[in-house]
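Protein chains: 4
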Amino acid sequence: MDPDPGPDPSERTGLLLHPQTPRSLRVRSSALQATRELLREGGLAAATIDAIAGRSGVSKATLYKHWPSRTAIAAEAFGRDMAEAVPPSDTGTTLGDLREQVRRVSAFYASPEGRVYRELVAACVQDAGGAAYFRAYFLAGRRRAFAGLWARAVERGDVRPDVDVETATDLLFGPLLFRLMTGHWPLSDDAADAVTDAALHGLLPRT
Amino acid sequence: MDPDPGPDPSERTGLLLHPQTPRSLRVRSSALQATRELLREGGLAAATIDAIAGRSGVSKATLYKHWPSRTAIAAEAFGRDMAEAVPPSDTGTTLGDLREQVRRVSAFYASPEGRVYRELVAACVQDAGGAAYFRAYFLAGRRRAFAGLWARAVERGDVRPDVDVETATDLLFGPLLFRLMTGHWPLSDDAADAVTDAALHGLLPRT
Amino acid sequence: MDPDPGPDPSERTGLLLHPQTPRSLRVRSSALQATRELLREGGLAAATIDAIAGRSGVSKATLYKHWPSRTAIAAEAFGRDMAEAVPPSDTGTTLGDLREQVRRVSAFYASPEGRVYRELVAACVQDAGGAAYFRAYFLAGRRRAFAGLWARAVERGDVRPDVDVETATDLLFGPLLFRLMTGHWPLSDDAADAVTDAALHGLLPRT
Amino acid sequence: MDPDPGPDPSERTGLLLHPQTPRSLRVRSSALQATRELLREGGLAAATIDAIAGRSGVSKATLYKHWPSRTAIAAEAFGRDMAEAVPPSDTGTTLGDLREQVRRVSAFYASPEGRVYRELVAACVQDAGGAAYFRAYFLAGRRRAFAGLWARAVERGDVRPDVDVETATDLLFGPLLFRLMTGHWPLSDDAADAVTDAALHGLLPRT
DNA sequence: CTGTAATCGAGACGGTACGTCTCGTCTTAAT
DNA sequence: ATTAAGACGAGACGTACCGTCTCGATTACAG
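Residue numbers (the working numbering), protein chains in the order written: chain Z, 1 to 207; chain U, 1001 to 1207; chain P, 2001 to 2207; chain B, 3001 to 3207.
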């Protein structure tokens, strides 16, 4: 069912993964597929352990042999599904690419998948095991993708080389997450552009 | 028990509040005091409805008459308690004040209270009723406080007047929330300064 | 509303009754009228204190000043209403009268009011205060009525004078209550007649 | 813990029973044992679902999977315990046996167990599910036991053959239940004998 | 009349039990 | 040996009704 589980993230995350026998693979992909569907239909709240077990035909005990918690299953299912949700932008210019990335992430947050993303971030707060999966299967990929873009920009001299990539990432995308989580401001393209502009040129007046 | 409930937030939030008869006041302050203690002792998870009812002597039914959910109680208790958690900075210079504010919020996030804040943000994702209380009793106050600082800075010409206060707020504090929620980076003073520096001067090279 | 409260049962029962000022009278009759309606509509379960207070306009505190429990209110309301539910029979013969009485009680038990009667008997098991009202306002009247019939029968020599009235009452009506409470047998006229016949002639063979 | 669950009552009652896997058996017997103790200590009021769950170690959810209500649990626990509470009498004569049975039931009603019996009868009035269990686990057995005694008496010609067993049962024991439920008369041996005498010889004068 | 004390309506409140829900573990039998 | 099926303990949830209480308004009687 899951045609391409992708590269094993244990290489880079140290996540303890189940040995990948054929049976295990079938179990994992059935569970993830069912979870994907449930997330789409009713958000994280619908992806209860019983619902995943019921729909996938994988028993609850087996699920807990493969994942530490339901959040972990949901995080992996979401991560595999959404890995390509925000494709790298290619506008020809560094500034265009950055602006486009922020817009796309903003649009993603505002989409139905953004709701699930928000619920996952929330669920991971109380579930360290799930958080590891969320980082391994989603966040790490996203940050890595942006890190590539940032590295190219630094190389070209288009951005300040003394700002490390973590700070740059958080400066551009943190404001969007703030709005997503606390809901005080719309996630429109204009708002995204305002953030990008402020982040690129800074808050101080041009002298 | 509740020395100063502060100005009634219904003025600005439209939150439907309980009529403040003497009995109601005693109930509210007992419940909030108990909740404060529970939050301090065991975080949001410890502040269950039963625990709040048990410790405060306020019955569950009465709690549900005054608040829509346990998240709402916790949000109000936390908000009243933490309203002064990040005092306005006064270093003499606008840049110093901004830098100090970001440092203080970063330190707050890294403190035990930051854990509760994180849990509250998470809980509000699935609880719209609680989210209203969280905004009314905590977030709104924080944003208003920063808005004052920003307005002064604009007046003095120390910051760009074309950046609206919402964008400025999110640019300076969003990165910290990003780190708090997804836990990928430490919340140190140095990290806070790096964010402030990048936000103030922007990501583009100085020409 | 309550045109005739009847003779004060405190004369014979020692029930502590409220002094009958005009206000008290209005309170009592409003409450009893509302309770009667509720009993008719939904049985004893519908006659909650809140429902009685709501419909009658008498506050809960006042209700508890006049009665010891909701069962007591229901018992009095039911008793006043049902005092005439089983009128004395007058067939011309003692045996006919006895048979008719048993039939009528059986029919009463089988009627909608019988359901309320059953619920009241049950409620009084856990509520001694209510039980006193039930006896005072219903059971005592019923037993007294039958006692009159029995006394006449004894006078006329139509029944055994060595059977005391309590035993006679219980022998004729106990079987019906047994069936009402445990529901193992229908409450038909034929069944009533079978009981009467067995009670009158005894279980031993005629020699 | 449950030494002899006895014959499965579903054979004769159609009660939907839980499949008796080993786990189910342990759950059922633990719950029933705890309920028995609670009934003994504080009557039906003490046998709350929470108390049963707490003492037996069986969770509330599981209790509700096995029984429709707490009354049902109490009825089964009481019924299994009390099945032998009124042993068949064997005095050598039919009349002696009948008299002894009525005395024993009267004594049972007057005993602490009689209080629980009374409370169960009352509780079953508002709980059809519980009533089915009460009939299946207690009443049916009692009536069956008496039916055997009655059948022998009929065979021997010691009692009227035209009185059906249901009528006979109710005539002898209904008066006792009347007194138990409405509490207007003592449950002494003498009172029991008076009932038996009146029931056997009838209320009409010997001609 | 009119003050004043009892009484009342309204409904908030603490308490207690309810029956439900989801989690993550454990048991059993089948493959 | 691993699995599906699902029973199970744990424990929080939100609700219902009880009987008590507080409070301010109304009433009834005494001066």
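Virtual Cβ for every residue (Gly too), placed ideally from N, Cα, C.
Shown here, L139/Z sits in a helix according to DSSP, grouped into three states. By the 16-neighbour rule on beta-carbons within 10 angstroms, L25/Z is exposed. Taking C-alpha positions only, V121/Z is separated from S69/Z by approximately 14 Å. Residue range R1070 to M1082 is occupied by the alpha helix (DSSP H) that includes R1070/U. Non-local C-beta neighbours of A3194/B in its own chain, meaning closer than 6 Å and more than five positions away in sequence, are absent. Between Y1133/U and A1075/U a beta carbon distance of about 4 Å is seen, short of the 8 Å cut, so the two are scored as contacting. Separation of Y2137/P and G2079/P (C-alpha to C-alpha, rounded to the nearest whole angstrom) is 5 Å.
Runs of the alpha helix (DSSP H) lying entirely within the segment 2073-2134 of chain P and spanning at least 4 residues, in chain order: 2094-2110, 2112-2125 and 2128-2134. A residue is called buried once 16 or more other Cβ atoms fall within 10 Å of its Cβ, and P1175/U is buried on that count.
T3169/B and R3143/B have their C-alpha atoms spaced approximately 7 Å apart. Here the alpha carbons of T1091/U and F1178/U stand approximately 27 Å from one another.
Separation of R103/Z and H201/Z (C-alpha to C-alpha, rounded to the nearest whole angstrom) is 17 Å. By the 16-neighbour rule on beta-carbons within 10 angstroms, S3059/B is exposed. Residue state for G3183/B is assigned as coil, using DSSP reduced to three classes.
Each of E1037/U, Y1117/U and W1150/U was checked against the Cα of G1096/U, and the nearest Cα belongs to W1150/U. T1071/U and R1115/U have their alpha carbons spaced roughly 15 Å apart. DSSP places S3030/B in the uninterrupted alpha helix (DSSP H) bounded by P3022 to A3046.
When DSSP states are grouped into helix, strand and coil, S3056/B belongs to the helix group. In summary, D2190/P is exposed, with fewer than 16 beta-carbon neighbours lying within 10 Å of its beta-carbon over all protein chains present. Annotation: the continuous alpha helix (DSSP H) that includes V2195/P extends over D2189 to H2201. Using a CB distance cut-off of 8 Å, L3063/B does not count as an interface residue toward chain P.
Just measuring C-alpha positions, the residue of A198/Z, V105/Z and P88/Z sitting nearest S188/Z is V105/Z. Looking at R28/Z, K65/Z, R55/Z and W185/Z, the one whose alpha-carbon comes closest to that of E37/Z is R55/Z. Along the segment 143-156 of chain Z, going in chain order, the ones with a CB nearer than 8 Å to a CB of chain U are R143.
Inclusion of V3027/B and A2198/P in the CB contact set at 8 Å is not warranted, their separation being larger than that value. Residues of the same chain with a CB within less than 6 Å of the CB of A46/Z, apart from the 5 flanking positions on each side, are L38 in chain order. Here the C-alpha atom of L3204/B lies approximately 43 Å from the C-alpha atom of W2067/P. DSSP places D50/Z in the helix class (H, G or I) of the three-state scheme. Closer than 8 Å to the CB of A1074/U there is not a single CB belonging to chain Z.
Annotated three-state conformation of P2175/P is helix, per DSSP. When the beta-carbon positions are compared, R2135/P and H3184/B come within less than 8 Å of each other. Only buried fits G3130/B, as 16 or more other CB atoms lie within 10 angstroms of its CB.
A residue is called buried once 16 or more other Cβ atoms fall within 10 Å of its Cβ, and R160/Z is buried on that count. Excluding its 5 nearest sequence neighbours in each direction, L2044/P has C-beta neighbours in its own chain below 7 Å: A2074, V2116, E2119, L2120 and A2123, listed in chain order. Interface criterion met: the Cβ of L1204/U is under 8 Å from a Cβ in chain Z.
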